[in-house]
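Reviewing the structure listed below.
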Amino acid sequence: MATASRRSRDRGSRGEARLPLPSVRGADQMTRPIVLGAGPAGSVAAMLLARAGAEPILIDRQVEVGDAICGGFMSWRTAASLRALGSDPLTLGARPVTRLRQYSGERVAEADLPEPAYGLSRKALDTALRASAVQCGARLEIDRARSVKEGEIEGERRSWHSPAIFLATGKHDVRGEARARNSGNLALGLRVRLPPSSELERLVGDAIELHLFEGGYAGIVLQEGGNGNVCLALRKSALAEAGGDPWDLLRKVATDNPHFASRLALADAEEPVDTIGAVPYGWTARKTSHGIYRLGDQAAVIPSLAGEGMAIALASGQAAARAYLAGESAELFQRRFAQRAARPVRVAEKLWHLAETSRGAAGLTLAASAFPELARLAMKMSRI
Ligand SMILES: Cc1cc2nc3c(=O)[nH]c(=O)nc-3n(C[C@H](O)[C@H](O)[C@H](O)COP(=O)(O)OP(=O)(O)OC[C@H]3O[C@@H](n4cnc5c(N)ncnc54)[C@H](O)[C@@H]3O)c2cc1C
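The numbers in the UniProt record's numbering rise by one with no breaks, and the one at position 379 of the sequence shown is 379.
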């Protein structure tokens, strides 16, 4: 099977020109697919490639798996994909989440989630997925890519060559294949953790909380060990407007949002606030370079309000590995995946635009409180 699929891959399913084999050192490097980035998208792709005997090389810049800035809300779709891949969120320590609680100013609305979801730190999830990829036979290499082009990754340690590169560097762009920054939707992400406490349990419990306010939102969920994860997405300019100090920005948001303030009061003010700038919400790769399969946030960036980025990461990792193994070109995979991601990304963008104005946020909260079914429908429509 491996031989047949390799032959058809060389031809390209749409007759695209075959990529000339690069002049490289080791023979194995000429054919082994390379996955760049061991986040959820890359690890899953590497896992499936390894299971099929394709002997992938998985490259990440970090030796120690970090705790990526993320809301840490694992949708029921993400959880289902994870189970299908052989990991149960509960065995990773995830906290069940059964309700959505939405705030704007003093207003509160609550709705049951269509299906149970989870709160899990990215450190726990990414560690488990990376370990599974390695266990399945992916060769893990630590290097930081400086640039990528067809057939070649220029790393800090060395250069890597392969006719098939799976670009899974997530939030981080790599020179040569950086995402276009032409959307007006660049967002800033902030994250602060809350230590476990009975007050935090009482306030948040088994809900995913969305605090909507002018210019953005905060998502709060409990994760393994009862830790709280507070993650905000705001317009990119918000930090500069608050004087450049993330804690000042958090306090500013708390001033007008009493429910958010009561949660933030449980944070240790000595804790650093993690930040990530210029997340291109709504960006989708409809095209790609020959032999470069784009995954996760390098394939489509769904506004984080939907809590579906990890599901997109897993879905694209699986789809790209299958496409490669079936001999499908990267170009065809990318077109197909863009079509698949279009509806959830569009719905999430609409919700994000509504939520980031105080009127829209109030309207959304009123609608969710009068018609919880509407909130559930919006949640379903924004799933991959
Ligand atoms: C504020 C915010 C909140 C969010 N909240 C949620 C949520 O609650 N639920 C949800 O499902 N999604 C959420 N998301 C989206 C989610 O975080 C992403 O969609 C997801 O992390 C994408 O996974 P990935 O594998 O594509 O990339 P990443 O998780 O970003 O992983 C990329 C990997 O590539 C490595 N890497 C990067 N650059 C290089 C390089 N040059 N060389 C080598 N290695 C490199 C990194 O070390 C990392 O391991 C949120 C996003 C933001 C911004």
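We put the CB at the ideal spot given by N, CA and C, even for glycine.
- Contact between Leu-120 and Ala-94 holds, since their C-beta atoms are separated by about 4 Å, short of 8 Å.
- When Cβ pairs closer than 8 Å are counted between the two stretches, the stretch 252 to 266 is seen not to touch the stretch 147 to 163, the count staying below three.
- Excluding residues up to 5 positions away in sequence, Ser-147, Val-148 and Lys-149 lie with their Cβ nearer than 6 Å to the Cβ of Gly-176 in the same chain.
- The three-state secondary structure of Ala-207, taken from DSSP, is strand.
- Excluding the 5 residues flanking it on each side, Met-47 has same chain C-beta neighbours closer than 6 Å at Ser-132, Ala-133 and Cys-136, in chain order.
- Distance between Ser-316 and Gln-298, taken at the CA atoms: about 10 Å.
- Pairing Val-279 with Glu-356, the inter-Cα distance amounts to about 15 Å.
- For Ala-80, the closest of Gly-360, Met-310 and Arg-322 by C-alpha to C-alpha distance is Met-310.
- Taken in chain order, the unbroken stretches of beta strand (DSSP E) that lie wholly in the UniProt domain "FAD-binding" (34 to 145) and span 3 residues or more are 34 to 36, 57 to 60, 95 to 104, 107 to 119 and 139 to 142.
- The Cβ atoms of Arg-99 and Leu-82 do not sit closer than 8 Å to each other.
- Judged by their CB atoms, Ala-242 and Leu-232 are not nearer to each other than the 8 Å cut-off.
- Remark: the shortest separation between the CB of Val-35 and any heavy atom of ligand 1 does not fall under 7 Å.
- By the Cβ neighbour-count rule, Val-301 is buried, with 16 or more other Cβ atoms within 10 Å of its own.
- Not a single heavy atom of ligand 1 lies less than 7 Å from the C-beta of Gly-277.
- Checking the 7 Å criterion, the Cβ of Ile-384 is out of range of every heavy atom belonging to ligand 1.
- The three-state secondary structure of Tyr-217, taken from DSSP, is strand.
- Taking a C-beta distance under 8 Å as the contact criterion, Leu-295 and Ala-320 qualify as a contact pair.
- Leu-364 and Gly-53 have their C-alpha atoms some 49 Å from each other.
- Cβ atoms of Tyr-324 and Ala-207 stay farther apart than 8 Å, at about 40 Å.
- Counted as a single uninterrupted DSSP element, the alpha helix (DSSP H) harbouring Ala-348 occupies residues 330 to 355.
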